[in-house]
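A.B. asks: I am attaching a structure below and will ask some questions about it afterwards.
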Amino acid sequence: MEIIIWIIFGGLVGWIASIIMKTNQQQGIMLNIIVGIIGAVIGGWIMNFFGQSAVTGFNFYSFLIAILGAVILIFIVKTLRRS
Numbered sequence: 018m019e020i021i022i023w024i025i026f027g028g029l030v031g032w033i034a035s036i037i038m039k040t041n042q043q044q045g046i047m048l049n050i051i052v053g054i055i056g057a058v059i060g061g062w063i064m065n066f067f068g069q070s071a072v073t074g075f076n077f078y079s080f081l082i083a084i085l086g087a088v089i090l091i092f093i094v095k096t097l098r099r100s
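Add 17 to the 1-based position in the sequence shown for my numbering, that's all there is to it.
Laid out in structure tokens, this is it:
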């Protein structure tokens, strides 16, 4: 059951991050899920680095941290693709 929640969480996060970064037309649902889950890991790592709590479950704080990580991930990928 927990894996289903992470898939839904990742899909929502990836979708919102792709809208923010204007890559929504290029990403499908699978890529949104992957970007959202990896973004949650990146956001959690960044928050741990600064001494804050990381992604702790399906709540608003974790949602914002995951979106931050997903936006950073999309930014890095877009920058590398231009090079």
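C-beta: ideal position from N, C-alpha, C; glycine also.
Note that the coordinates shown come from a computational prediction; the quantities given were computed from them, not determined experimentally.
Buried or exposed, going by whether 16 or more other CB atoms sit within 10 Å of the CB of glycine 28?
C.D. replies: For the purposes of this step, residue 28 is identified with residue 11 of the sequence shown, where counting begins at 1. Result: buried.
A.B. asks: With DSSP as the reference, label lysine 95 as helix, strand or coil.
C.D. replies: Within the sequence shown, residue 95 is the residue found at index 78, counting from 1. Reduced to three states, the DSSP call for lysine 95 is helix.
A.B. asks: Just to confirm the assignment, what range does the alpha helix (DSSP H) spanning serine 35 have?
C.D. replies: The sequence position of residue 35 within the sequence shown is 18, counting from 1. Element bounds for serine 35: 19-37.
A.B. asks: Residue range of the alpha helix (DSSP H) that phenylalanine 67 falls in?
C.D. replies: Counted from its first residue, the sequence shown places residue 67 at position 50. First-last for phenylalanine 67: undefined, no H or E at that position.
A.B. asks: Name the residue from Met64, Phe75, Lys95, Ile46 whose alpha carbon lies nearest to the alpha carbon of glycine 9.
C.D. replies: As displayed, the chain neither begins before 18 nor continues past 100, which places residue 9 out of reach and without an answer.
A.B. asks: Excluding five sequence neighbours on each side, which residues of the same chain lie with their C-beta closer than 6 Å to the C-beta of tryptophan 32?
C.D. replies: Within the sequence shown, residue 32 is the residue found at index 15, counting from 1. Result list for tryptophan 32: Asn49, in chain order.
A.B. asks: Which whole-angstrom value is the C-beta distance of isoleucine 91 and valine 52, which I expect to be below 8 Å?
C.D. replies: Stepping through the sequence shown from its first residue, residue 91 is reached at position 74. Stepping through the sequence shown from its first residue, residue 52 is reached at position 35. Right, the Cβ-Cβ distance comes to about 7 Å (below 8 Å), so this counts as a contact.
A.B. asks: Would you kindly check if the distance between the Cβ of valine 94 and the Cβ of glycine 56 is under 8 Å?
C.D. replies: Sequence index remark: in the sequence shown, residue 56 carries index 39 (1-based). Sequence index remark: in the sequence shown, residue 94 carries index 77 (1-based). For glycine 56 and valine 94, no; Cβs fall outside 8 Å.
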